[in-house]
Structures are given as structure tokens and as C-alpha cells.
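Participant: Okay, here's the structure, questions in a sec.
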């Protein structure tokens with residue numbers, strides 16, 4: 005059975021609340037908001053780091069695709085020069101080597117481009133939580 009009157013503990017708490025000044029309340033709100041802001045910045049850092057990793061991987065693939073294109077040009081040149089002494093017609097030898105490197109470059113380029121499209125520079129979770137925080141600030145009771 006509960007007591008009809010508040011316990012001493014609840015009376016102490018209500019006295020503490022009653023004695024809290026407006027300045028203290030504003031200070032508490034200010035501290036809470038600054039802590040919330042720091043947490044949001046930290047979340048944004050984590051999200052941006054993840055997206056930067058994805059962008060780095062895609063850029064690496066595009067770099068390899070560029071290198072493959074460069075090798076296609078170099079090998080095409082060498083194939084033309086050295087192909088003259090082969091049994092095969094020099095033109096066909098050069099085309100085969102160039103086609104192999106061209107295909108490799110095209111595949112790497114397509115994969116890198118596709119992965120680069122998945123990079124999202126916007127920290128979505130941070131934006132969502134900031135919207136929630138703004139909504140809470142507008143209506144803290146509901």
C-alpha cells in the first residue's frame with residue numbers, strides 16, 4: 005500500500021527542483037545542446053570516413069583502368085614493332101594484344117564507375133538525427 009503523502013525522498017527532489025534557478029536550467033540546456041552537437045559531429049565524421057573509404061576504392065579501380073588503357077597503347081606500339089618479325093601477320097598480332105587490354109580496361113572502368121555511383125557524400129544518419137533534434141526542440145513534450 006502506498007502512503008497518501010509523498011515520501012521524504014520525493015519531497016527532497018521537489019525542493020531541489022523548486023530551488024533551481026532559471027539560469028541553472030538554461031545552463032543545463034546549454035550543456036545538453038553542446039553535448040548533443042558534439043555527438044552529431046562525431047557521427048558525421050564516422051559516416052564521412054566510411055564514404056571516403058568507398059570513394060578511395062572506386063578511385064583505385066579507375067586508376068587501374070587508366071593504367072590498363074596506357075598499357076594497351078604501349079603494347080600496341082610494341083606489338084606493331086615486334087610483330088613484323090613474327091610468323092603471324094603483324095597487324096593481327098597488334099590488334100589481339102590491344103583488344104585484350106582494351107577489354108580489361110573497359111571492365112575495370114565499368115566496375116569502378118558503378119562503385120563510385122554508390123558513394124553517398126551526404127551523412128544521412130546525421131541529417132536524420134539533426135531533424136529529430138530540431139523537431140524535439142520545437143516540441144519537447146510530445
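Residue numbers (my numbering): 5 to 146. We treat Cβ as the ideally placed atom computed from N, Cα and C, and that holds for glycine.
(1) Locate the alpha helix (DSSP H) running through residue 131, then write down its first and last residues.
(2) How big is the Cα-Cα spacing for residue 108 and residue 121?
(3) Out of 95, 74, 99 and 125, point me to the one whose CA is closest to residue 113's CA.
(4) Tell me the rounded alpha-carbon separation between residue 142 and residue 30.
(5) With residue 94 as the anchor, note down where its alpha helix (DSSP H) starts and where it stops.
(6) When you compare each of 43, 65 and 81 to residue 101 by their alpha carbons, which one comes out closest?
(7) Can you list, in chain order, the residues of its chain whose CB lies under 7 Å from that of residue 40, leaving out five sequence neighbours each side?
(8) For residue 57, which of 124, 42 and 110 has the nearest alpha-carbon?
(9) Classify residue 25 as helix, strand or coil using the three-state DSSP reduction.
(10) Quick check on the burial criterion: 16 or more other C-beta atoms within 10 angstroms. Buried or exposed for residue 60?
Facilitator: Answer, in terms of the structure:
(1) 128-142
(2) 20 Å
(3) 74
(4) 16 Å
(5) 94-121
(6) 81
(7) 137
(8) 124
(9) coil
(10) exposed
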